[in-house]
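Read top to bottom, the protein sequences are chains A and B.
For the record, in the first sequence the residue sitting at position 201 is 913 according to this note's numbering, with numbers rising by one throughout.
For the record, in the second sequence the residue sitting at position 167 is 192 according to this note's numbering, with numbers rising by one throughout.
All residues carry an ideal CB built from backbone N, CA and C; glycine is no exception.
These notes concern the structure reproduced below.
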Amino acid sequence: METITLVLSYPIILLLAPPVMLGLITKTKALVAGRKGPPVLQPLYDTIKLLGKGAVYSSTTTWMFKLGPVVSLAAVFCASALAPLAGAPLISFNGDAILFAYLFALGRFVTVMAALDTGSSFEGMGASREVAFSSLAEPALILTFASLAYRSGGLCLAQMFAPHSGPSAAAGTILVLGTLFVVLLAENSRIPVDDPNTHLELTMIHEVMVLDHGGPDLAFILHGAGIKLVLMSALLVRLVLPEMPPAAALGSLLFGLGCVAVAIGLVESSMARVRMVRVPQLLVAAICAATFGLMLTLR
Amino acid sequence: MEQFSQLLLALVVFLSLYLLGSSSLTGCIKILALQGMCLGLLPLTISRHGFRPRALLLALGMFILKGFVLPRVLLYAIREVKIRREMEPMIGYTLSLMIGAALIGLSFVLAERLPVLEGVRTSMLIPVSLATVMMGLLMMISRIKAVTQVIGYLVFENGIYLFGLASAYEVPWLIEMGVLLDVFVAVFVMGIVINHIERAFHSISTENLTRLSD
Chain A
713 METITLVLSY PIILLLAPPV MLGLITKTKA LVAGRKGPPV LQPLYDTIKL
763 LGKGAVYSST TTWMFKLGPV VSLAAVFCAS ALAPLAGAPL ISFNGDAILF
813 AYLFALGRFV TVMAALDTGS SFEGMGASRE VAFSSLAEPA LILTFASLAY
863 RSGGLCLAQM FAPHSGPSAA AGTILVLGTL FVVLLAENSR IPVDDPNTHL
913 ELTMIHEVMV LDHGGPDLAF ILHGAGIKLV LMSALLVRLV LPEMPPAAAL
963 GSLLFGLGCV AVAIGLVESS MARVRMVRVP QLLVAAICAA TFGLMLTLR
Chain B
26 MEQFSQLLLA LVVFLSLYLL GSSSLTGCIK ILALQGMCLG LLPLTISRHG
76 FRPRALLLAL GMFILKGFVL PRVLLYAIRE VKIRREMEPM IGYTLSLMIG
126 AALIGLSFVL AERLPVLEGV RTSMLIPVSL ATVMMGLLMM ISRIKAVTQV
176 IGYLVFENGI YLFGLASAYE VPWLIEMGVL LDVFVAVFVM GIVINHIERA
226 FHSISTENLT RLSD
């Protein structure tokens, strides 16, 4: 029974959850704005449509451009094997938290390289913004991992995100949750940092880097971004879930993912994107909160 | 209860950090009100002998004064002088956030070395109160507008109140009331002073007060 749930959980979480989560965010935003909105499965239909198309490659691009989407999708798939989703992760060893964080960084690196490879000035601009902001989001993520690792006594994701009770557990958990949520918004180019719907090159960050990709490549990028969102939200959810049997864990994880999607949708409909110069301030605030959390656990 | 008080303390520090990084005055005042409400709830969560009517009354007084009355006075003051934003602080927002984080670290280090009561040493009260005091001071010296300086002063006072909670679980009731009254009068006077500065200079930037003239 346990094995069946585990085997079942991966296709659900990796193939179905990403488009549904993106669809839920769009649906929430539409409902708050008083519109009907596209169906929840629309991102899935988009991905299937894109997979059926051919790709056009500019003659100025090289193999790097084709490598970008494939490697970024592969990186998030690898990261998903390390993350504790429903029950124990597929692969777990001491130090996998660092690998997890840097698999995301690898995906970002190849996307940036592919964007630079096109030689378009807009893509270069987007790439520089993405790198600048993620260089601030990364310390926040690593500091959070550090405080979780310290209090659980091991650098292993399964251990770090297991339920924990200690002297300053509640305060530490709240700080970690807050920081992770800001990092999640920044890494997945959601609203206070970046607007995923914008198509004005001057204000885009992440979207501008994938302007030249089309067909299956774009499908890979979109699905990879969805998986990244699901993985980071799953970590958030795991942090508050108590210990439970696998089937219940899968159900509550999926429910939690839905809640996170609705929360993101509410954040997106209740606030405007902050100005580009204010984004570093937001991320520095996240770093400060993470530092405070680390200090709480270090005492 | 222990967990809840720690949660409140973490929230207090987080709100002080938010104040350091925020430029909207109305937002700052609302956050200050929230911080005041947290401080009002705090004595209920850490009192050693359970609920006491006197502690409840004190908490209620704190809650109403710091959570509602003082913010209302400040909101009235900024409505009168028609300003919404702190335009150019002497230390930028990102930098003051970083300094704030450094101050939190410093206060944790300091709290380890302070000669305080044995039971208090392990609690989060002392470091949090030191951090709040220092962040309040930082706000007072790094901002130009009089209103933000008043907000800094109130954060500073909140820190002192926390320190009082740590050193004596039961601050004598009369003293506490006296302090509350002092703060209330101070903020009231500040509100009037802000109005006068605005009337004399058509702005409430305290830089105008550094020049001498007859």
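Own chain partners of residue i with C-beta closer than 8 Å, once the 5 adjacent residues on each side are dropped
i      : result
B/G92  : A58, L59, G61, M62 and G65
A/L736 : V752, G970, A973, V974 and G977
A/L953 : P875, A961, S964, L965 and G968
A/F873 : P796, L860, L947, R950 and L951
A/D829 : T773, T774, M776, F777 and G780
A/E919 : G838, S901, D906, P908, T910 and H911
A/L720 : L962
B/P96  : I54, K55, L57, A58 and G61
Backbone CA spacing between residue i and residue j [nearest angstrom]
i      : j       : result
B/I219 : A/V843  : 44 Å
A/V888 : B/L128  : 20 Å
B/V175 : B/P152  : 23 Å
B/L120 : A/A870  : 36 Å
B/M164 : B/L45   : 7 Å
A/F777 : A/A795  : 28 Å
A/L896 : B/V204  : 43 Å
A/P755 : A/M733  : 9 Å
B/L206 : B/A84   : 14 Å
A/S771 : A/A961  : 49 Å
B/F213 : B/V98   : 7 Å
B/L190 : B/S148  : 11 Å
A/A798 : A/C790  : 16 Å
A/L818 : B/T157  : 39 Å
A/F805 : A/S792  : 14 Å
B/K55  : B/V172  : 13 Å
A/T704 : B/T235  : Since the displayed chain A opens at 713 and closes at 1011, residue 704 of chain A lies outside it and no answer follows.
A/Q993 : B/F181  : 23 Å
A/F893 : B/L237  : 51 Å
A/Y722 : A/M956  : 18 Å
B/L90  : B/I200  : 16 Å
A/R863 : A/T1009 : 6 Å
A/M983 : A/L855  : 27 Å
B/G52  : A/G938  : 34 Å
A/Y769 : A/E835  : 15 Å
A/V996 : A/L914  : 23 Å
B/I124 : A/A883  : 22 Å
B/G209 : B/F188  : The amino acid occupying residue 209 of chain B in the given sequence is Phe; Gly does not appear at that position. Going from the Cα of B/F209 to the Cα of B/F188 covers about 19 Å.
A/D758 : A/A931  : 8 Å
B/L155 : A/D929  : 54 Å
B/E137 : A/E850  : 30 Å
A/T715 : A/P958  : 9 Å
Residues of its chain near residue i, where Cβ-Cβ distance is below 7 Å and the 5 sequence neighbours each way are ignored
i      : result
A/G927 : L762, K765, G766 and A767
B/V106 : I219, N220, E223 and I229
A/I933 : P781, S784, V922 and H925
A/A858 : L1006
A/V942 : I725, A729, P730, M733 and L969
A/F812 : A791, L794, A795 and L869
B/L250 : Here chain B covers residues 26 to 239 and nothing more, so residue 250 of chain B does not appear.
Per DSSP, the bridge partner or partners of residue i
i      : result
B/S230 : B/K170
Own chain, CB closer than 6 Å to residue i, minus 5 neighbours either side, in chain order
i      : result
B/L34  : M149 and V153
A/A742 : G749
A/E980 : K741 and I903
B/R133 : With the sequence shown as reference, residue 133 of chain B is identified as Phe, and Arg is not the correct amino acid for it. Only P152 meet the Cβ criterion.
A/A787 : L815, L818 and G819
A/G936 : S784, L785 and V788
B/F226 : N233
Give the residues from the region 857-870 of chain A that approach chain B closer than 9 Å (Cβ to any Cβ), ordered along the chain. none
Enumerate, from N- to C-terminal direction, the unbroken alpha helix (DSSP H) stretches of 4 or more residues contained entirely within the region 799-853 of chain A. 808-829
Please give me, in chain order, every unbroken run of the alpha helix (DSSP H) with length at least 4 that falls completely inside the region 944-987 of chain A. 958-982
Going along the chain, which residues of the region 92-122 of chain B sit with their C-beta nearer than 7 Å to a C-beta in chain A? Y118, T119 and L122
Near-chain A residues of the region 37-64 of chain B (beta-carbon distance less than 8 Å), N- to C-terminal order: V38, F39, L42, Y43 and G46
What residues in the region 982-1004 of chain A bring their beta carbon closer than 8 Å to a beta carbon of chain B? P992, Q993, V996, A997, I999, C1000, A1001, T1003 and F1004
Along the region 841-852 of chain A, where does the CB come closer than 8 Å to a CB of chain B? Name the residues. none
Which residues of the region 884-896 of chain A have a Cβ closer than 7 Å to any Cβ of chain B? Give them in chain order. I886 and L887
Against chain B, which members of the region 729-742 of chain A pass a CB distance test of less than 7 Å? none
Can you pull out the residues from the region 142-173 of chain B whose beta carbon lies closer than 9 Å to at least one beta carbon of chain A? T147, M149, P152 and A156
To test your reading of the DSSP string, which unbroken alpha helix (DSSP H) runs of 4 or more residues are found completely within the region 876-908 of chain A? 881-899
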